[in-house]
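**Q** Residue numbers (the numbering used here): -6 to 181.
Virtual Cβ for every residue (Gly too), placed ideally from N, Cα, C.
Quick caveat, the model's predicted, so the values are computed rather than measured.
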Amino acid sequence: MRHWLRRAFLGAPAALAFLGVAIRWLGTARARWLTVEVAGDSMQPALEAGDWLVVRLLDADSPPLEAGAIALARDPSGRLLLKRVVGLPGETIELRDAGVLVDGRRLAETATQGPTHPASELRTLTRLDRGTYYLLGDNRAASTDSRDHGAFRLGATTPPAIEGVAVLRYWPLGRAGRLARKPRTFEG
């Protein structure tokens, strides 16, 4: 019995050290990841209200966003939005009643709903600056996005700012899985 007590006593410092390292790692991991619940239908059909997502928070060392990814952005009022990356830095975005033009080429969008923009309210964003992205909801008729707030800056100190990228849906279980970016294709 003494042998067992001796082992348990000697193992306690190692267990405490492991616990301390685990708590420290979880603290830093928590700082880089966030869970969010989808509210509303602006990203249908890709995301549904009630879906729970894991978002990778971005920092200065993060790679640039890719077109087709789902970004977590904060609008000027501070509200968090989940939107699709449509325009990349250096590109020209033009909204027409026929859809979205990126550098003069019409974006082929098969999984979007609703008009991109009413013909009476055509807007053109001539050029996206460095670190600036154009975000649109997949359900255009029900989305608040770059059409309302202008381009979103990556890591900007004042809103609107992009804070992360959705990487995984973990709830509901029947729809759980990795959220792969939707590859961008053009018509013609």
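Who are the near neighbours of G181 in its chain, counting only those whose CB is closer than 6 Å to its CB and skipping five residues on each side?
**A** Taking the first residue of the sequence shown as position 1, residue 181 is located at position 188. There are no such residues.
**Q** Can you give me the start and stop residues for the alpha helix (DSSP H) that R187 sits inside?
**A** No answer is possible for residue 187: the residues shown for the chain start at -6 and end at 181.
**Q** From V31 to R98, what does the alpha carbon distance come to, in whole angstroms?
**A** Along the sequence shown, one-based indexing puts residue 31 at 38. Along the sequence shown, one-based indexing puts residue 98 at 105. Approximately 31 Å between the Cα atoms of the pair.
**Q** Identify the continuous alpha helix (DSSP H) that holds R72 and give its terminal residues.
**A** Indexing the sequence shown from 1 puts residue 72 at position 79. According to the DSSP assignment, R72 belongs to no alpha helix (DSSP H), since it is labelled neither H nor E.
**Q** What are the partner residues of A159, as DSSP defines its beta bridges?
**A** If you number the sequence shown from 1, residue 159 lands on position 166. BP columns for A159 point to V48.
**Q** Determine, using beta-carbon pairs with one atom in the region 67 to 84 and one in the region 142 to 152, whether at least three such pairs fall under 8 Å.
**A** yes
**Q** Using the C-alpha atoms, what's the distance from T85 back to L100?
**A** Here residue 100 refers to the residue found at position 107 of the sequence shown. Here residue 85 refers to the residue found at position 92 of the sequence shown. Taking the straight line from one Cα to the other gives about 12 Å.
**Q** So, with DSSP's three-state summary, where would you put R67?
**A** Residue numbering aside, residue 67 sits at position 74 when the sequence shown is read from its first letter. Residue state, collapsed to three classes: strand.
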